[in-house]
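Engineer:
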Amino acid sequence: MIKLKELNLENFGEFSQLSVSFDDNVTYLVGPNGSGKSTAGIIGLQFVMQGIAEKSSGGNIPIIGERFRFIGENGKDAKGSIVLHDSKMDCDIIVRRTITPSGNELSFEAPTGIHLDQKWLNDLFDIFMISPKYFESLSSKEQTLALGIDLSEHDKKIKELKENKTLLGRELKALGSPVSVKKVEKVDVTSLWEEIRQIKTFNDEQEKKQKAINSVKDQILSKREKKKELEEQIALLQQKLTMADQEEKSLIEQGRSLPKPEPVKDTDAIEQKIDNANGINEQAVMYEEYVKTTEKIKAKQKEIDDNLNAQSEAEQKRLEVIKEMKLPFANMTIDDEGKLLLEGRPIKSPYFSTGQLIRIITSLMVNRNPEFRYVYVQDWNLLDADNQKKTLETLQHAGLQVCIEYVGDNINAEGNVIIIKEASEGSEDVEPI
Numbered sequence: 018m019i020k021l022k023e024l025n026l027e028n029f030g031e032f033s034q035l036s037v038s039f040d041d042n043v044t045y046l047v048g049p050n051g052s053g054k055s056t057a058g059i060i061g062l063q064f065v066m067q068g069i070a071e072k073s074s075g076g077n078i079p080i081i082g083e084r085f086r087f088i089g090e091n092g093k094d095a096k097g098s099i100v101l102h103d104s105k106m107d108c109d110i111i112v113r114r115t116i117t118p119s120g121n122e123l124s125f126e127a128p129t130g131i132h133l134d135q136k137w138l139n140d141l142f143d144i145f146m147i148s149p150k151y152f153e154s155l156s157s158k159e160q161t162l163a164l165g166i167d168l169s170e171h172d173k174k175i176k177e178l179k180e181n182k183t184l185l186g187r188e189l190k191a192l193g194s195p196v197s198v199k200k201v202e203k204v205d206v207t208s209l210w211e212e213i214r215q216i217k218t219f220n221d222e223q224e225k226k227q228k229a230i231n232s233v234k235d236q237i238l239s240k241r242e243k244k245k246e247l248e249e250q251i252a253l254l255q256q257k258l259t260m261a262d263q264e265e266k267s268l269i270e271q272g273r274s275l276p277k278p279e280p281v282k283d284t285d286a287i288e289q290k291i292d293n294a295n296g297i298n299e300q301a302v303m304y305e306e307y308v309k310t311t312e313k314i315k316a317k318q319k320e321i322d323d324n325l326n327a328q329s330e331a332e333q334k335r336l337e338v339i340k341e342m343k344l345p346f347a348n349m350t351i352d353d354e355g356k357l358l359l360e361g362r363p364i365k366s367p368y369f370s371t372g373q374l375i376r377i378i379t380s381l382m383v384n385r386n387p388e389f390r391y392v393y394v395q396d397w398n399l400l401d402a403d404n405q406k407k408t409l410e411t412l413q414h415a416g417l418q419v420c421i422e423y424v425g426d427n428i429n430a431e432g433n434v435i436i437i438k439e440a441s442e443g444s445e446d447v448e449p450i
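Numbering (the numbering used here), first residue to last: 18 to 450.
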């Protein structure tokens, strides 16, 4: 455990010199507004530990600004030092920082074998945990991050899943509710048309056969007529008669050898089947569409169910991260936007009173079990006597070294009371009591 023993500032801001010794338990910084109480209790501490820069970097949270604006009129640089006491090693550690308009210098004084650097200070110092007022000034989401809880990846995944689920729901709605269709088998119209073609081909062949027979019959009749003419001229055409007789016999034999045509087949029944098949096939197509739509709905519903399961898993992992932090209040939550809430309310005024905020925020600080157990309390004048007593008891019970800012000329309180005068050039700015 590390506590603050002493703060010294030289040519820092309006102070030519500022030196404050802190009690192990309670120190009161008393003075009018603008006298430099905050500089003595928190700003000077931040200056020495974190420095001054125009932006944060490397894990530290410096005072944001141009360095030359913090250098007083009594020199070209500003200096600060703090004395810390490490109770585990029972030794003092001195941290010194000097700033110039172009940079800063950091040095340490500690027993041999102790490694100290800016990273050590970064790990030790967290202004948002040391000062309840600073912590309250953060947004609810920034408060979550200040506690070291980063749920951004979990919240991003849950948000994406919810957006995807909404999209899937719209797609499912677009599919509608298909009307149930009776299942029928498609009729192969092509085979029916092929059957008709074969029948027509067959009928054409039979017609050709009949024409051939008819042709032979016509020729027989013609020859018979010729024969009759020849018989009348039998005396003159005996020879032709014999030849005609032979031709006739030959043709008769030819006619007898020709195949007899089969009965012509009827296509009306098949054509009727084709007419019926059109209606059946329309119904079959409707059924196929119904099956496809039903399958799409089932698949889309499965996607939605999978999405909901993924959301549940993501939310469970997010909850596990929060549980691992072991927040000090059972009713403290972090909402979907990463905002820190207590009883569903932001940890800010006017949702909680000043006294409540101090106790809540310091409980969060103690829950993180910081090595540097120093807390700087502002707005002490806003608390009545009972709240002051209750708040101080809470802070001391938590083992914190308390520094209280009090606006006024003096205070009747037990502990280390330091009166801070208004800063003036060439004078001591602190008057201990």
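All C-beta atoms, glycine included, are put in the ideal place defined by N, C-alpha and C.
What's the gap between the Cα of residue 268 and the Cα of residue 296?
Structural biologist: Taking the straight line from one Cα to the other gives about 55 Å.
Engineer: Could you have a look at residue 433 and say whether DSSP puts it in helix, strand or coil?
Structural biologist: Strand.
Engineer: Among residues of its own chain, excluding the 5 on either side of residue 424, which ones have a beta-carbon nearer than 7 Å to its beta-carbon?
Structural biologist: Result list for residue 424: 49, 50 and 398, in chain order.
Engineer: For residue 422 versus residue 55, is the C-beta spacing smaller than 8 Å?
Structural biologist: Cβ atoms of residue 422 and residue 55: closer than 8 Å.
Engineer: Exposed or buried, which one is residue 433 when buried takes at least 16 other CB atoms within 10 Å?
Structural biologist: Flag for residue 433 reads buried.
Engineer: Here's a check: name, in chain order, each residue in its chain whose Cβ is nearer than 6 Å to the Cβ of residue 128, leaving out the five neighbours to either side.
Structural biologist: Excluding sequence neighbours, residue 128 sits near 108.
Engineer: Pick out whichever of 370, 364 and 417 has its Cα sitting closest to the Cα of residue 385.
Structural biologist: For residue 385, the nearest C-alpha among the options comes from 417.
Engineer: With a cut-off of 8 Å on the beta carbons, I'd call residue 186 and residue 321 a contact; round off their distance for me.
Structural biologist: Indeed, because the Cβ distance is near 7 Å, the residues count as touching under 8 Å.
Engineer: Quick one, which of 316, 167, 437 and 233 has its alpha-carbon nearest residue 357's?
Structural biologist: Among 316, 167, 437 and 233, the Cα nearest to that of residue 357 is on 167.
Engineer: What residues in its chain sit with their C-beta under 6 Å from that of residue 383, if we drop five residues either side in the sequence?
Structural biologist: Result list for residue 383: 415, in chain order.
Engineer: Secondary structure at residue 19, three-state DSSP: helix, strand or coil?
Structural biologist: DSSP places residue 19 in strand when its eight states are reduced to three.
Engineer: With contact counted as at least three CB pairs below 8 Å, one residue from each stretch, are the region 196-214 and the region 290-308 in contact?
Structural biologist: Result yes; three or more Cβ-Cβ pairs closer than 8 Å.
Engineer: Determine the direct distance from the alpha carbon of residue 82 to that of residue 72, and round the result to whole angstroms.
Structural biologist: Each residue's Cα considered, the two are about 8 Å apart.
Engineer: Taking the continuous alpha helix (DSSP H) assigned at residue 91, which residues delimit it?
Structural biologist: Taken as a continuous stretch (DSSP letters only), residue 91 belongs to no alpha helix (DSSP H), as it is neither H nor E.
Engineer: Residues in its own chain within less than 6 Å of residue 131 by CB, not counting five upstream and five downstream?
Structural biologist: Excluding positions up to five away in sequence, the list is empty.
Engineer: By how many angstroms is the C-alpha of residue 332 removed from the C-alpha of residue 97?
Structural biologist: Straight-line Cα distance between these residues: approximately 47 Å.
Engineer: Are residue 483 and residue 172 close, meaning C-beta to C-beta below 8 Å?
Structural biologist: Not covered by the structure: residue 483. The range shown for the chain is 18 to 450.
Engineer: Quick check on DSSP: helix, strand or coil for residue 214?
Structural biologist: DSSP places residue 214 in helix when its eight states are reduced to three.
Engineer: Residue 388 and residue 19 - do their beta-carbons sit closer together than 8 Å?
Structural biologist: Yes.
Engineer: Could you round the C-beta distance between residue 114 and residue 68 to whole angstroms and report it? I think they count as a contact, below 8 Å.
Structural biologist: Indeed they touch by this definition, with Cβ atoms about 6 Å apart.
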